[in-house]
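Residue numbers (the numbering used here): -1 to 282. Ideal Cβ placement from N, Cα and C applies to all residues, glycine included. Quantities reported herein were computed from a predicted structural model and do not represent experimental measurements. These notes concern the structure reproduced below.
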C-alpha cells in the first residue's frame, strides 16, 4: 500500500500515528500479494525495498543511500485533522531568521499573518504569486472534515481587498466573497482549494516592509558572474514550482544532466535527496 503523510492505528485503548517523510510504500499487518490483512495492528514501511517475505523489489535504480525519516505520536481517539497537523509539523520544521526594520515593526513575542476560523480547515500553502507579490498571496487550504465547511480567512494586520479561486497552478477561476476585510468561502468535505488573495498591503512598493536576514546559512556574496542556484532546474535563477515539475518528471530516473533533470545533488539519480535541496531553496 502507498504510505503518504501519515498512517495511524487505533484500538479501544488508544493508538499511534506514524508520520512519514520519505518512504513511498508500506505493508499492513501480514498482508501478501493475494491477501490484505486488516486485523493485525502493524505497519511495516518499505525501507530499502525489502519486505522480508518475497515481495521485494531490487536494484533501486542503482541507489545505495536512502534517507528515511519518521516520527511517532500516541493518541486516545483518532482525529484525522490532528494526525495531519502532527505529520506536517514533523515534515516541515521551523526555519528561524533575524527580522529588522521599523516601518512597520513586528511585535517581539508573537505575530500572525493569517488566521482560519475553522480548526478542521488546514493551511496547506502560503506564498507569493508566481508573478510576484503584487499579484497576490497564494493561499491553499484543505478541509480534513467529512462535512462541508464555511471558513473565514483573515489577515490580522491587513484587510483583504479581493480574492479569486484558482487552480493549484494559479490559473484564475472565479471571484470569492470578501466581507469586512476577510475572505469567506466554502470548502467541500476533504476538498483542497487555492486562492489568490489581494490585501491593502499586497504590493511591497506601496509601503516599506521589514528586511528578513536568514542567519541559518552564510550570507551570499555578489559576484560579476552568475552562479547556479541549488534547486533551480530551469536555469532562470529562481527556485519555484517549475523546478519541482522538472524534478517530479525525472523522479527515480538515472541522468547525466545534473540539475537540468532535477538531480540537484549531481549523483546521477533523481531521488528524495534532490527534493530536499529543492525544498530548502524554494522561493530563492
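6 angstroms CB neighbourhood of residue 115 in its chain, flanking five on each side removed: If we look at residue 115 and ignore the five residues flanking it on each side, its Cβ neighbours are 149, 150.
Whole-angstrom C-beta distance between residue 179 and residue 158, which should lie under 8 angstroms: About 6 angstroms; that satisfies the 8 angstroms criterion.
Alpha carbon of residue 76 to alpha carbon of residue 275, nearest angstrom: In a straight line, the C-alpha of residue 76 is about 34 angstroms away from that of residue 275.
Burial state of residue 186 (16 or more Cβ within 10 Å): The residue in question, residue 186, is exposed, as its Cβ has fewer than 16 Cβ neighbours within 10 Å.
6 angstroms Cβ shell around residue 32 - same chain, five flanking residues per side excluded: Closer than 6 angstroms at the Cβ level, and outside the excluded window around residue 32, lies no residue.
Length of the line joining the Cα atoms of residue 188 and residue 253: Rounded to whole angstroms, residue 188 to residue 253 spans 37 angstroms at the Cα level.
Buried or exposed by the 16-neighbour rule on C-beta atoms within 10 Å, applied to residue 223: For residue 223, the predicted model reports a pLDDT of 46, less than 50, meaning its position is unreliable; a value from the coordinates is still stated below. When all chains shown are included, residue 223 counts as exposed.
Beta-carbon proximity of residue 248 to residue 233, cut-off 8 angstroms: Cβ atoms of residue 248 and residue 233: not closer than 8 angstroms.
Straight-line gap, residue 87 to residue 22 (C-alpha atoms, nearest Å): The alpha-carbon of residue 87 is positioned some 19 angstroms away from that of residue 22.
Backbone CA spacing between residue 279 and residue 239 [nearest angstrom]: If I take the Cα positions, the gap works out to 11 angstroms.
Same chain, Cβ closer than 7 angstroms to residue 226, neighbours up to 5 away in sequence not counted: In chain order, 257 place their CB closer than 7 angstroms to the CB of residue 226, counting only its own chain and leaving out the 5 sequence neighbours on each side.
Cβ shell of residue 195 (< 7 angstroms), same chain only, five flanking positions each side left out: Excluding residues within five positions, the ones whose Cβ falls inside 7 angstroms are 134, 135, 137, 158, 161, 181.
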